[in-house]
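**Student:** One structure is given below, represented as structure tokens, and several questions about it will come after.
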Amino acid sequence: MSAWRKAGITYNAYIAIAAKTVRNALKPELQTAAVIDRSFTEARFTKYTKGSPDADPALLKELPN
Numbered sequence: 000m001s002a003w004r005k006a007g008i009t010y011n012a013y014i015a016i017a018a019k020t021v022r023n024a025l026k027p028e029l030q031t032a033a034v035i036d037r038s039f040t041e042a043r044f045t046k047y048t049k050g051s052p053d054a055d056p057a058l059l060k061e062l063p064n
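Just so you know, we're using numbering that gives the first Met the number 0 here: the sequence shown kicks off at 0 and counts up by one.
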């Protein structure tokens, strides 16, 4: 059994933790804005009624930690 399953987390959560760890381990001169910005995710949702969208996709708010 894989370590992430034993820890009780999803594969996506495991990959997110690994990526954050690598970004934090970079030397300060390599921690550019482009690298740090990769850790932010944008998600949108659309509500559908009877197979048609009710409105344009709306941006989800950032979840509190």
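Think of the CB as a built atom: it goes at the ideal place given N, C-alpha and C, for glycine as much as any other residue.
Would you give the residue range spanned by the alpha helix (DSSP H) that Asp36 belongs to?
**Tutor:** Looking up residue 36 in the sequence shown gives position 37. Taken as a continuous stretch (DSSP letters only), the alpha helix (DSSP H) holding Asp36 covers 32-36.
**Student:** Less than 7 Å between the C-beta atoms of Arg43 and Pro56, yes or no?
**Tutor:** Residue 43 sits at position 44 when you count from the first residue of the sequence shown. Residue 56 sits at position 57 when you count from the first residue of the sequence shown. A contact, by the Cβ cut-off of 7 Å.
**Student:** Would you mind reading off the limits of the alpha helix (DSSP H) that contains Lys49?
**Tutor:** By 1-based counting over the sequence shown, the position of residue 49 is 50. It is not in any alpha helix (DSSP H) - Lys49 carries neither H nor E in the DSSP assignment.
**Student:** Taking the alpha-carbon of Thr20 as reference, which of Glu28, Ala6, Thr45, Ile35 has the nearest alpha-carbon?
**Tutor:** Counting from 1 along the sequence shown, the entry for residue 20 is found at position 21. Checking every option, the nearest Cα to that of Thr20 belongs to Ile35.
**Student:** At the level of alpha carbons, what is the spacing between Thr40 and Lys60?
**Tutor:** For the purposes of this step, residue 40 is taken as residue 41 along the sequence shown, with counting starting at 1. For the purposes of this step, residue 60 is taken as residue 61 along the sequence shown, with counting starting at 1. Roughly 11 Å separates the two Cα atoms.
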